[in-house]
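A.B. asks: Numbering (full-length UniProt numbering), first residue to last: 1 to 376.
Every residue gets a Cβ at the ideal spot worked out from N, C-alpha and C, and that includes glycine.
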Amino acid sequence: MLLLTLPTTLQAITDIINRSIESRTFPNLWRRAMVRPIPKTNDPATMKDLRPISILPCLSKVLERVVYSQVIDYLEVNNILPDLQSGFRKGRGTATALADVVGNILEARDRGEGSILVLLDFSRAFDAINTILLLSKLAYYGFDGDAVDWFKSYLTDRSQYVQIHREDGSPVSSPPLHVTRGVPQGSILGPLLYILYSADVTRCLSNCKYHMYADDIQLYISCKGDDTPLAVQRVNEDLARVVAWSERNSLVLNPLKSKFLVLGTRKQVAAIQSARPKVMIGGEEIEQVEQACSLGLILDPELRFEAHIKNVLRNCFYRLKVLYGIRKYLSIPLRKQLADSLILSRLNYCDTVYGPCLLARTDRLIQRIQNACIRF
Numbered sequence: 001m002l003l004l005t006l007p008t009t010l011q012a013i014t015d016i017i018n019r020s021i022e023s024r025t026f027p028n029l030w031r032r033a034m035v036r037p038i039p040k041t042n043d044p045a046t047m048k049d050l051r052p053i054s055i056l057p058c059l060s061k062v063l064e065r066v067v068y069s070q071v072i073d074y075l076e077v078n079n080i081l082p083d084l085q086s087g088f089r090k091g092r093g094t095a096t097a098l099a100d101v102v103g104n105i106l107e108a109r110d111r112g113e114g115s116i117l118v119l120l121d122f123s124r125a126f127d128a129i130n131t132i133l134l135l136s137k138l139a140y141y142g143f144d145g146d147a148v149d150w151f152k153s154y155l156t157d158r159s160q161y162v163q164i165h166r167e168d169g170s171p172v173s174s175p176p177l178h179v180t181r182g183v184p185q186g187s188i189l190g191p192l193l194y195i196l197y198s199a200d201v202t203r204c205l206s207n208c209k210y211h212m213y214a215d216d217i218q219l220y221i222s223c224k225g226d227d228t229p230l231a232v233q234r235v236n237e238d239l240a241r242v243v244a245w246s247e248r249n250s251l252v253l254n255p256l257k258s259k260f261l262v263l264g265t266r267k268q269v270a271a272i273q274s275a276r277p278k279v280m281i282g283g284e285e286i287e288q289v290e291q292a293c294s295l296g297l298i299l300d301p302e303l304r305f306e307a308h309i310k311n312v313l314r315n316c317f318y319r320l321k322v323l324y325g326i327r328k329y330l331s332i333p334l335r336k337q338l339a340d341s342l343i344l345s346r347l348n349y350c351d352t353v354y355g356p357c358l359l360a361r362t363d364r365l366i367q368r369i370q371n372a373c374i375r376f
């Protein structure tokens, strides 16, 4: 709709954006978010069964995009963001982070070393950011006074309200609630501000290798079986520093949702596990798991990715079954488009990471769904 009005509104929108930047003020009406609760299940019974979706004014995102392009250029040119932070950056993504971590662990396996991989989870990280501390970090990283003032206007005096629909379809809204912490959910600048806010956590990681994607941190160390106690000690030292950093930065590292895996050959995994490693966060032992999903990829001890492929194929065959029900109504080009977008895209996700590790029997499973797509 906005695109259709551009011939008559473009100049006005441009003037608003320029005026906002010149006056160091984010428009008041654009600081209010509408929150829509979307059910996670077919029959939601509690608040936990609802996912809040924050909807911001579309014009506010146009202004944010203009500022974003200037900020990200400044951060990249001056090498302010950690090199091993792949979240929300051009030319990088989840596959970048996973390829780095998996590649290093496979290299360690070839050297005869197993690896301990810790997947860290921060509780509501984007909502917990201390606005005052964020503004001070912007100044520390070289943002001038005008830029800091604009971001102060952008981040403060924000509010949100919840809107639902009655059975007859009419909307009903709650009174607005003032928001005092965090970056705006659903915004363009929010994720970028978070990775800038958390950039200095890398100073805590002096013992282990790591890779970050937004608020997901993968922390890992490789060792021979006999060196496991020392390796675990070094992991726990880094984690203690991360916990201290989190407390200073008003974030909470969740020991219940954080997990760790032991990776390598069967012999390497057994050697590390025989030492009964205990990985600690804030005095609490975190759970060791056989499999864990990291950035959408299910990792297993030997990095064969069989569990990941089986899970993806189960989803793909279900989708294909649904599509077969309407097959006769679809043209061949549309069938191809649907197969590519709904089925093969699931297989293509991070295929450069898991592809070289697959066993022949797993390759044959993939071939089955590919053949089924051809028949479709």
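Are the Cβ atoms of A99 and V312 separated by less than 7 Å?
C.D. replies: Position 99 of the sequence shown, counted from the start, is the residue given in the question as residue 99. Position 312 of the sequence shown, counted from the start, is the residue given in the question as residue 312. Result no, Cβ atoms of A99 and V312 do not sit closer than 7 Å.
A.B. asks: Tell me where the beta strand (DSSP E) around Y161 begins and ends.
C.D. replies: Working through the sequence shown from its first residue, we reach residue 161 at position 161. Looking at the DSSP string, the run of the beta strand (DSSP E) that includes Y161 is 158 to 165.
A.B. asks: Kindly confirm or deny that the segment 224 to 244 and the segment 260 to 275 touch, where touching means at least three C-beta pairs closer than 8 Å.
C.D. replies: yes
A.B. asks: What does the Cβ neighbour count give for V67, buried or exposed, with the cut at 16 atoms within 10 Å?
C.D. replies: Here residue 67 corresponds to residue number 67 of the sequence shown, with the count starting at 1. Buried is the call here.
A.B. asks: From the beta carbon of N254, is the nearest beta carbon of chain C less than 7 Å away?
C.D. replies: The displayed structure is made up of one protein chain only, and chain C is not part of it.
A.B. asks: Quick one: measure Cβ to Cβ for L120 and S258, integer angstroms, because I've assumed they're closer than 8 Å.
C.D. replies: The residue labelled residue 120 in the question sits at position 120 within the sequence shown. The residue labelled residue 258 in the question sits at position 258 within the sequence shown. Sure, about 5 Å apart at Cβ, within 8 Å.
A.B. asks: Quick check on the DSSP output: the alpha helix (DSSP H) that includes V183 runs from which residue to which?
C.D. replies: The count along the sequence shown starts at 1 and reaches residue 183 at position 183. First-last for V183: undefined, no H or E at that position.
A.B. asks: Using only alpha-carbon positions, find the residue among C357, L358, L323 that is nearest to S341.
C.D. replies: In the sequence shown, residue 341 corresponds to position 341, counting from 1. The residue with the shortest Cα to Cα distance from S341 is L323.
A.B. asks: Does DSSP put S206 in a helix, a strand or coil?
C.D. replies: Counted from its first residue, the sequence shown places residue 206 at position 206. Of the three classes helix, strand and coil, the one that applies to S206 here is coil, per DSSP.
A.B. asks: Residues in the same chain with beta-carbon distance under 8 Å from T8, minus the five sequence neighbours each way, listed in chain order, please.
C.D. replies: The residue given as residue 8 occupies position 8 in the sequence shown. Here the set comprises nothing.
A.B. asks: Can you list, in chain order, the residues of its chain with a C-beta nearer than 6 Å to that of K152? Leave out the 5 residues immediately preceding and following it.
C.D. replies: Here residue 152 refers to the residue found at position 152 when the sequence shown is read from its first residue. Same-chain partners within the cutoff: L135.
A.B. asks: Could you name the residues that DSSP lists as bridge partners for Y349?
C.D. replies: What you label residue 349 is simply residue 349 of the sequence shown in a count that begins at 1. In DSSP, Y349 forms no bridge with anything.
A.B. asks: Please name the residue, chosen from V71, L106, L56, that lies closest to C223 on a Cα-to-Cα basis.
C.D. replies: Counting from one through the sequence shown, the residue named residue 223 turns up at place 223. Among V71, L106, L56, the Cα nearest to that of C223 belongs to L106.
A.B. asks: Using a Cβ-Cβ cutoff of less than 7 Å, which residues in the same chain neighbour E284 once the five nearest sequence positions on both sides are dropped?
C.D. replies: To locate residue 284, count along the sequence shown from 1; it is residue 284. Correct list, in chain order: P255.
A.B. asks: Where in the segment 250 to 313 do unbroken runs of the alpha helix (DSSP H), each at least 4 residues long, occur, reported from the N-terminal end onward?
C.D. replies: Runs of the alpha helix (DSSP H) lying entirely within the segment 250 to 313 and spanning at least 4 residues, in chain order: 266 to 273.
A.B. asks: Output the distance between the C-alpha atoms of L6 and E64, rounded to the nearest integer angstrom.
C.D. replies: As a first step, residue 6 must be located in the sequence shown, where it is residue number 6. As a first step, residue 64 must be located in the sequence shown, where it is residue number 64. Spanning the two alpha carbons is a distance of roughly 18 Å.
A.B. asks: Using only CA atoms, which one of D238, C293, R304, S294 lies nearest to T265?
C.D. replies: As a working mapping, residue 265 is identified with position 265 in the sequence shown. It is R304.
A.B. asks: By how many angstroms is the C-alpha of I298 removed from the C-alpha of A307?
C.D. replies: Here residue 307 is taken as the residue at index 307 of the sequence shown, counted from 1. Here residue 298 is taken as the residue at index 298 of the sequence shown, counted from 1. Looking at the two C-alpha atoms, the distance is approximately 7 Å.
A.B. asks: Just the Cα atoms here: how many angstroms apart are I286 and D300?
C.D. replies: Within the sequence shown, numbered from 1, the residue matching residue 286 stands at position 286. Within the sequence shown, numbered from 1, the residue matching residue 300 stands at position 300. Cα-Cα distance, rounded: 18 Å.
A.B. asks: For A33, count the other beta carbons within 10 Å of its own beta carbon; 16 or more makes it buried, fewer makes it exposed. Which is it?
C.D. replies: Numbered from its first residue, the sequence shown carries residue 33 at position 33. Buried: at least 16 other Cβ atoms inside 10 Å.
A.B. asks: When you compare the CB positions of F260 and G182, do they come within less than 7 Å of one another, or not?
C.D. replies: By one-based count along the sequence shown, residue 260 stands at place 260. By one-based count along the sequence shown, residue 182 stands at place 182. In this structure, G182 does not lie closer than 7 Å to F260 by Cβ.
A.B. asks: R51 lies in the beta strand (DSSP E); which residues open and close that run?
C.D. replies: Within the sequence shown, the letter at position 51 stands for residue 51. Judged by DSSP secondary structure, R51 falls within the beta strand (DSSP E) whose first and last residues are 50 to 55.
A.B. asks: Would you kindly report the start and end of the unbroken beta strand (DSSP E) that includes V35?
C.D. replies: Against the sequence shown, residue 35 aligns to sequence position 35. Looking at the DSSP string, the run of the beta strand (DSSP E) that includes V35 is 32 to 39.
A.B. asks: Based on the DSSP output, what are the partners of V118 in its beta bridges?
C.D. replies: Here residue 118 refers to the residue found at position 118 when the sequence shown is read from its first residue. Answer is L219, F260.
A.B. asks: According to the neighbour-count rule (16 or more other Cβ atoms, all chains shown, within 10 Å of its Cβ), is residue 379 buried or exposed?
C.D. replies: Outside the modelled stretch of the chain, which goes from 1 to 376, sits residue 379, for which no answer is possible.
A.B. asks: For the beta strand (DSSP E) containing P176, list its first residue and its last residue.
C.D. replies: Within the sequence shown, the letter at position 176 stands for residue 176. Here P176 belongs to no beta strand (DSSP E), and DSSP marks it neither H nor E.
A.B. asks: Out of H211, Q268, S206, which has the shortest C-alpha to C-alpha gap to A240?
C.D. replies: Translated into the one-based positions of the sequence shown, residue 240 becomes position 240. Closest option to A240, Cα to Cα, is S206.
A.B. asks: Could you name the residues that DSSP lists as bridge partners for M212?
C.D. replies: Within the sequence shown, residue 212 is the residue found at index 212, counting from 1. Partner(s): Q85, I217.
A.B. asks: At what residues does the alpha helix (DSSP H) containing T5 begin and finish?
C.D. replies: Indexing the sequence shown from 1 puts residue 5 at position 5. Its alpha helix (DSSP H) spans residues 2 to 23.
A.B. asks: Counting Cβ pairs closer than 8 Å, one from the segment 162 to 182 and one from the segment 23 to 39, do we hit at least three?
C.D. replies: yes
A.B. asks: Should M212 and Q85 be called a contact, given that it needs their Cβ atoms to be closer than 7 Å?
C.D. replies: On the sequence shown, position 212 is the one that residue 212 refers to. On the sequence shown, position 85 is the one that residue 85 refers to. Against a cut-off of 7 Å, the Cβ pair of Q85 and M212 comes out as a contact.
A.B. asks: Please report how far the alpha carbon of G103 lies from the alpha carbon of D110, in whole angstroms.
C.D. replies: Here residue 103 refers to the residue found at position 103 when the sequence shown is read from its first residue. Here residue 110 refers to the residue found at position 110 when the sequence shown is read from its first residue. In this structure, the straight-line span from the alpha carbon of G103 to that of D110 is close to 11 Å.
A.B. asks: For G87, collect the residues of the same chain with a Cβ closer than 6 Å to its Cβ; drop the 5 residues on either side in sequence, then sort them by chain order.
C.D. replies: Working through the sequence shown from its first residue, we reach residue 87 at position 87. Around G87: I195, Y213, A214.
A.B. asks: Confirm, please, whether the CB-CB distance from L263 to K117 is below 7 Å.
C.D. replies: Along the sequence shown, one-based indexing puts residue 117 at 117. Along the sequence shown, one-based indexing puts residue 263 at 263. Sequence check: residue 117 is Leu here, not Lys. Cβ distance < 7 Å, so L117 and L263 count as in contact.
A.B. asks: Determine the extent of the alpha helix (DSSP H) in which L239 is found, giving its start and end residues.
C.D. replies: The residue labelled residue 239 in the question sits at position 239 within the sequence shown. 228 to 248 is the extent of the alpha helix (DSSP H) around L239.
A.B. asks: Given V179, which residues of its chain have a CB within under 7 Å of its CB, disregarding the five upstream and five downstream residues?
C.D. replies: Within the sequence shown, numbered from 1, the residue matching residue 179 stands at position 179. Same-chain partners within the cutoff: R158, S159, Q160.
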